[in-house]
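Asks: Before I ask anything, let me first share the structure, which is written out below as structure tokens.
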Amino acid sequence: MEYLLYLVLGACAGVLAGLFGVGGGIIIVPVLVYSFTLQGFDTSVLTHLAVGTSLATIVFTSVNAIREHHRRGAVQWPIFGWMTVGILLGAGLGATTATYIQGPHLQKIIGVFALLVSLQMVLNLTPRHPKAVPGPVGLGLAGSIIGWASAIFGIGGGSLTVPFLTWRSLTMQQAVATSSACGLPIAIFSAISFMILGWHDPLLPAHSFGFVYLPALLGIALTSMLFARFGAKLAHRLSPRLLKRLFAALLFCVGLSFLL
2 MEYLLYLVLG ACAGVLAGLF GVGGGIIIVP VLVYSFTLQG FDTSVLTHLA VGTSLATIVF
62 TSVNAIREHH RRGAVQWPIF GWMTVGILLG AGLGATTATY IQGPHLQKII GVFALLVSLQ
122 MVLNLTPRHP KAVPGPVGLG LAGSIIGWAS AIFGIGGGSL TVPFLTWRSL TMQQAVATSS
182 ACGLPIAIFS AISFMILGWH DPLLPAHSFG FVYLPALLGI ALTSMLFARF GAKLAHRLSP
242 RLLKRLFAAL LFCVGLSFLL
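The numbers in this note's numbering rise by one with no breaks, and the one at position 166 of the sequence shown is 167.
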């Protein structure tokens, strides 16, 4: 039954990755926390295991979404390149930070984070006048902060990257596409960090590579890659305003689920 759940979760994550540029982690983490709890995993490691596994799945989810967005010419590769420099620095630091936070506290932090981002998007709490895209230093700094936070929350960074890029005058479709591309280096380096940091933890269940649970990774990856292109195609058919509202509603529901 748990493997069927992972397959369904992967399909949902794939659609979300292409549609919102979030990598699907914002949904994968709470569902994995719930699943791991039912399976009786130790409470001191299950949240970190969910975060690490989520990041590993995003590696697979991102690939097809990026290909579809690139085919439509929406990925801003120069922005991606400079942000990735900062992402590489921030991702490892974020994974290390997460290991020092107790599991239940980490869940609450993720919930508050999701609610704040959703409110920011619904209320449009951004400067009145969008600013131009910053230079290499500014993009690198933004990437390091996004990489750090994404590793803690187990996400591909879309819930931070998309608002940042829309504030910096990119269209919603361009922001989603570029966010999808940025999610790949975030996921790779964060997942590797979680594997290393949890490698010798005696409380981990069987079939774990550090804080990555292989059965969940394989099940989610299998279907997420198939559905990511569908989500990317859908993103280019919806209006930017509707896309933004759907994204905010998704984050609000996830935040409440973690806090309640």
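Think of the CB as a built atom: it goes at the ideal place given N, C-alpha and C, for glycine as much as any other residue.
If you're wondering where the values come from, they're calculated on a predicted model, not measured in any experiment.
With 16 as the cutoff for other CB atoms within 10 Å, does G148 come out buried or exposed?
Replies: buried
Asks: For S191, which three-state DSSP category applies?
Replies: helix
Asks: Going by Cα to Cα distance, which pick from H49, I80, V46 and V16 is closest to A176?
Replies: Looking from the CA of A176, the closest CA among H49, I80, V46 and V16 belongs to I80.
Asks: Considering only their Cβ atoms, is the gap separating G26 from F165 smaller than 9 Å?
Replies: no
Asks: What does a CB cutoff of less than 6 Å around A57 pick up in its chain, not counting 5 residues either side in sequence?
Replies: A192, V213 and L218
Asks: If distances are taken between C-alpha atoms only, which option among R238, L140, M226 and F253 comes closest to A1?
Replies: Residue 1 falls outside the range modelled here, since the chain spans only 2 to 261, and no answer is possible.
Asks: Rounded to whole angstroms, what's the CA-CA distance from K132 to L171? Just pull it up for me.
Replies: Rounded to the nearest whole angstrom, the C-alpha separation of K132 and L171 is 10 Å.
Asks: Let me know if K245 comes out buried or exposed under the rule of 16 or more other beta-carbons within 10 Å of its beta-carbon.
Replies: K245 comes out buried.
Asks: State buried or exposed for L252, treating a residue as buried only when at least 16 other CB atoms are found within 10 Å of its CB.
Replies: buried
Asks: Kindly list the residues whose CB is nearer than 7 Å to the CB of I29, restricted to its own chain and excluding five residues on each side of it in sequence; keep chain order.
Replies: L10, A14, S55, T58 and I221
Asks: Cα-Cα, which of W83, V16 and G95 is closest to S63?
Replies: V16
Asks: Rounded to the nearest angstrom, what separates P135 and S258 at their Cα positions?
Replies: 35 Å
Asks: Considering just the uninterrupted stretch of the alpha helix (DSSP H) at R68, what are its terminal residues?
Replies: T44 to R72
Asks: Please report the straight-line C-alpha distance between T100 and G91, rounded to a whole angstrom.
Replies: 15 Å
Asks: Suppose the cutoff is 7 Å on Cβ atoms and the five residues either side in sequence are ignored; what does the same chain contact list for S45 look like?
Replies: G104 and L204
Asks: If contacts are defined as beta-carbon pairs under 8 Å, then V34 and Q121 qualify, I think. What distance do you get, rounded to the angstrom?
Replies: Going by Cβ atoms, the distance from V34 to Q121 rounds to 24 Å, so no, they are not a contact pair.
Asks: Just tell me which of H71, G144 and R72 has its CA closest to the CA of V86.
Replies: G144
Asks: Report the CB separation of R230 from E69 in whole angstroms; it is logged as a contact under 8 Å.
Replies: That pair is a contact at about 5 Å.
Asks: Just the C-alpha distance for L239 and D43, rounded to the nearest angstrom, thanks.
Replies: 42 Å
Asks: Excluding the 5 residues preceding and the 5 following F37 in the sequence, name in chain order all residues of the same chain whose CB lies nearer than 7 Å to its CB.
Replies: L47, L50 and A51
Asks: Hey, quick one: how far does the alpha helix (DSSP H) through T97 stretch, first residue to last?
Replies: Start and end: W78 to T100.
Asks: Identify the residues that DSSP records as bridge partners of Y214: which are they?
Replies: S209
Asks: Could you tell me which uninterrupted beta strand (DSSP E) segments, each at least 3 residues in length, are contained entirely in the segment 102–160, listed from first to last along the chain?
Replies: You should have found no qualifying run.
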